[in-house]
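Report on the following structure.
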Amino acid sequence: MPLWRKRENSRQLEERAARAGQASAKAAATSPPPEAGEQFRQHPDLTAAAFFDVDNTMMMGASMFHFARGLAARKFFTTSDLLGFAWQQVKFRVGGRENPEDVQASREQALSFVAGRKVEDILQLSEEIYDELMADRIWNGTRALAQMHLDAGQRVWLVTATPVELAQTIARRLGLTGALGTVAESRDGVYTGRLVGDLLHGKAKAQAVRALAAAQGLHLRRCSAYSDSSNDIPMLTTVGTAVAVNPDQTLREHARRQGWEIRDFRTGRRAARIGVNSVLGAGALAGAVAAGLRYRRRPRI
1 MPLWRKRENS RQLEERAARA GQASAKAAAT SPPPEAGEQF RQHPDLTAAA FFDVDNTMMM
61 GASMFHFARG LAARKFFTTS DLLGFAWQQV KFRVGGRENP EDVQASREQA LSFVAGRKVE
121 DILQLSEEIY DELMADRIWN GTRALAQMHL DAGQRVWLVT ATPVELAQTI ARRLGLTGAL
181 GTVAESRDGV YTGRLVGDLL HGKAKAQAVR ALAAAQGLHL RRCSAYSDSS NDIPMLTTVG
241 TAVAVNPDQT LREHARRQGW EIRDFRTGRR AARIGVNSVL GAGALAGAVA AGLRYRRRPR
301 I
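Counted the way the UniProt record's numbering counts, the sequence shown spans residues 1 to 301.
As structure tokens, this is what we get:
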């Protein structure tokens with residue numbers, strides 16, 4: 001590819017990341033906050049906040065994959081569609097450096113979930129599927145870290161590539177301030193099948209954090225961020241305190257070089273081994289889901 005084309009593609013990616021971040025921050029600012037605890041109301045710290053990634057940081061596994069499982073169980077799409085989605089998520093997540101083709105595939109699949117559907121229906125499904133498949137997958141250790149910030153009177157935001165409606169549901173159920181997530185365009189309460197900007201991934205997360213901080217008067221040096229993935233290094237380096245939670249190998253090594261704190265809640269497993277085998281683990285999960293769906297469809301004898 002010619003150098004000028006690479007620069008053009010890079011510029012387009014930067015522009016989409018900026019639009020995604022700004023759209024996510026706008027959605028976060030206009031969403032109704034959860035009812036705050038008494039201590040938060042009495043001792044607010046207005047210039048500091050904490051930002052938490054979701055997948056494998058706050059929750060075991062990928063929230064979007066669990067959401068896809070719930071939709072598949074409701075006949076939104078087939079088992080083969082689910083497996084294809086799982087494989088794209090594996091490549092998108094584990095690739096380390098962003099591959100434009102994989103990012104595009106993930107973008108298209110994210111749109112396929114909601115195109116032509118009512119926003120209110122997706123919101124209701126988010127509530128149902130969270131209760132069914134996600135509530136018991138929250139890492140207690142990470143939840144305690146979020147509560148520590150809430151107890152200090154700070155706001156706590158989730159930051160994730162998951163659709164903002166699902167992200168806000170997770171935040172609300174956890175009693176957090178809100179969520180920054182991927183924004184899908186809608187008209188008259190129906191999704192158009194287009195994203196506003198891009199997926200909230202990589203640099204887009206950092207853009208969203210900066211936009212929200214500017215809107216709410218946060219001092220980024222007083223803020224904290226938590227993630228498991230090296231893809232989130234842009235977000236982690238945006239704030240004053242970065243913490244690697246259940247980190248992949250690349251992030252673990254980077255955190256050690258930077259002197260960042262490392263927290264690992266994967267009880268009974270060696271974190272490094274999990275990082276190396278993440279592709280196999282995700283593939284096994286996809287296979288287990290497919291087997292479960294097939295089992296439910298088999299007639300009883």
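Backbone N, C-alpha and C define an ideal beta-carbon position, used for all residues, glycine too.
Output the boundary residues of the beta strand (DSSP E) element that contains residue i.
i, result
"Val186", "Residue identity differs from the one stated: residue 186 is Ser in this sequence, not Val. Here the beta strand (DSSP E) through Ser186 covers Ala184 to Arg187."
"Val225", "The sequence given here places Ala at residue 225; Val does not occur at that position. Unbroken beta strand (DSSP E) run through Ala225: Ser224 to Ser227."
"Gly193", "Val190 to Leu195"
"Ala50", "Ala49 to Phe52"
Between residue i and the rest of its own chain, which residues show a CB-CB distance below 6 angstroms, the 5 nearest in sequence each way excluded?
i, result
"Gly189", "Lys118 and Val119"
"Phe51", "Trp157, Val159, Val209 and Ala225"
"Trp139", "Phe265"
"His66", "Leu133 and Met134"
"Leu13", "none"
Hey, residue i and residue j are a contact pair by Cβ (cut 8 angstroms); roughly how many whole angstroms apart?
i, j, result
"Arg155", "Thr177", "4 angstroms"
"Val245", "Arg263", "5 angstroms"
"Val183", "Ala23", "4 angstroms"
"Gly61", "Asp53", "The pair is not a contact, with the Cβ atoms about 13 angstroms apart (cut-off 8 angstroms)."
Can you tell me which of the three DSSP states residue i falls into?
i, result
"Pro247", "coil"
"Arg263", "strand"
"Gly70", "helix"
"Leu158", "strand"
"Asp151", "helix"
"Ala146", "helix"
"Met58", "coil"
"Ala179", "strand"
"Ala17", "helix"
"Pro44", "coil"
"Ala25", "helix"
"Ala242", "strand"
For chain C, find out if any of its Cβ atoms is closer than 9 angstroms to the Cβ of residue i; answer yes or no.
i, result
"Met59", "Absent here is chain C; the protein component of the structure consists of one chain."
Starting from residue i, follow the alpha helix (DSSP H) in both directions and report where the run begins and ends.
i, result
"Ile122", "Val119 to Ile129"
"Leu166", "Val164 to Arg173"
"Met235", "Ile233 to Leu236"
"Ala215", "Lys203 to Gln216"
Residues in its own chain within less than 8 angstroms of residue i by CB, not counting five upstream and five downstream?
i, result
"Pro234", "Gly202, Lys203, Lys205 and Ala206"
Stretch-stretch touch, CB-based, cutoff 8 angstroms, three pairs: the segment 10-30 with the segment 194-202: yes
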